[in-house]
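Numbering (the UniProt record's numbering), first residue to last: 1 to 76.
This is the structure in structure tokens:
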């Protein structure tokens, strides 16, 4: 099974790679749970935003939203 990796530039302009652990759908919203390649024990939750034909990811930090996603997740 191949693993999906997203690459981002951090605030310092350095390339950071994240490995996808799971995709979760909550109502109409889509989320991806990922770990930085150097910190496999850390899982971060991102929300997919689709605006104007562009796709972006936004870190989820709202505790209620995180709790709902955790209840659906198989990796958290």
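Using N, Cα and C, we set each Cβ at its ideal position, and we do this for glycine too.
When you compare the CB positions of residue i and residue j, do they come within less than 7 Å of one another, or not?
i	j	result
residue 116	residue 21	Outside the shown range of the chain (1 to 76) lies residue 116, about which nothing can therefore be said.
residue 47	residue 58	yes
residue 24	residue 69	yes
Can you look up residue i in the DSSP assignment and give me helix, strand or coil?
i	result
residue 45	strand
residue 64	helix
residue 35	strand
residue 76	coil
residue 4	coil
Which stretch, first to last residue, makes up the beta strand (DSSP E) that contains residue i?
i	result
residue 11	Residue 11 -> no beta strand (DSSP E), and no H or E assigned at all.
residue 54	54 to 59
Among the options, which has the Cα closest to the Cα of residue i?
i	options	result
residue 28	12, 56 and 50	50
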